[in-house]
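Colleague: I'd like to ask you about the structure that follows.
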Amino acid sequence: MPAGALHLGQVIAAAKRDEIFKMKLLYEAVKTTGIDDADIVDGSVVAARIFCCGGITKELSAEVRNSLFLYVPKGQDVGPGDIVELRVGHPAEGSNPAVMNSVTRIVQKSGKEDGTCWWDPKNDRLWQRILYCEWMPKEGWVKQGGMTPAWFKPLSADPASK
């Protein structure tokens, strides 16, 4: 996904403050985005999966290894099972610091089986299903095909990016 674009993920785990400090690469990623140590609290970073289910993502340990880490801004109550919209970050480039993937909003709370978002296609036996929400096409989201299919909202289609 291009940096700055919006994407969806399902939260699978939330990190405790001390875990973030102990994981050197994760802590450095958080720090290079300009976030102060005082703002790092339990749940400041979550792991989210962008593909579902089976195969190598069947066990939680494999899911965490194959997930994205997301910064959760203050005031957002994000928990396991929530489907979140995230802004795609980027690694450091020259004098430009890294930008960590960040949660922009919760689009569906955990446990809403009748919600407007689901893993598509709706066949539990298939691997590498992708998140889809009914509102995506009318809000300017597009589907990327190929080996890593996904729905995303390009930077140019997002009013918040201007």
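Going by the working numbering, the letters in the sequence shown line up with residues 296 to 457, in that order.
All residues carry an ideal CB built from backbone N, CA and C; glycine is no exception.
Keep in mind the model is a prediction, meaning the values are calculated, not measured.
Evaluate contact between the region 306-313 and the region 339-348, counting only Cβ atoms and requiring at least three cross-stretch pairs below 8 Å.
Modeller: Yes, since at least three Cβ pairs between the region 306-313 and the region 339-348 fall closer than 8 Å, the two stretches touch.
Colleague: Tell me the rounded alpha-carbon separation between W413 and Q423.
Modeller: Cα to Cα, W413 sits roughly 13 Å from Q423.
Colleague: Taking the alpha carbon of S405 as the reference point, which residue from D415, G441, Y427, I378 has its own alpha carbon closest?
Modeller: That would be I378, whose Cα lies nearest to the Cα of S405.
Colleague: Considering only the alpha carbon of each residue, which of P368, L450, G410, M442 lies closest to E283?
Modeller: Beyond the ends of the chain as shown, which are 296 and 457, falls residue 283; an answer cannot be given.
Colleague: Considering only the beta carbon of each residue, do L381 and V398 sit closer than 8 Å?
Modeller: In this structure, V398 lies closer than 8 Å to L381 by Cβ.
Colleague: Could you tell me if V367 is buried or exposed, where buried requires 16 or more neighbouring beta carbons within 10 angstroms of its beta carbon?
Modeller: Buried is the call here.
Colleague: Take K311 and list the residues in its own chain whose beta-carbon comes closer than 6 Å to its own, dropping the five residues that flank it on each side.
Modeller: Closer than 6 Å at the Cβ level, and outside the excluded window around K311, lie D337.
Colleague: What separation, rounded to the nearest whole angstrom, lies between the Cα atoms of L321 and V402?
Modeller: L321 and V402: Cα-Cα distance of roughly 25 Å.
Colleague: Rounded to whole angstroms, what is the Cα-Cα separation between E434 and L450?
Modeller: Each residue's Cα considered, the two are about 12 Å apart.
Colleague: If you drop the 5 nearest sequence neighbours on each side, which residues of the same chain put their C-beta closer than 8 Å to that of Q371?
Modeller: So the qualifying residues of the chain are V398, R400, I401.
Colleague: In terms of alpha-carbon separation, which member of N418, P432, W436, P375 lies closest to K407?
Modeller: Selected option, being the one with the closest Cα: P375.
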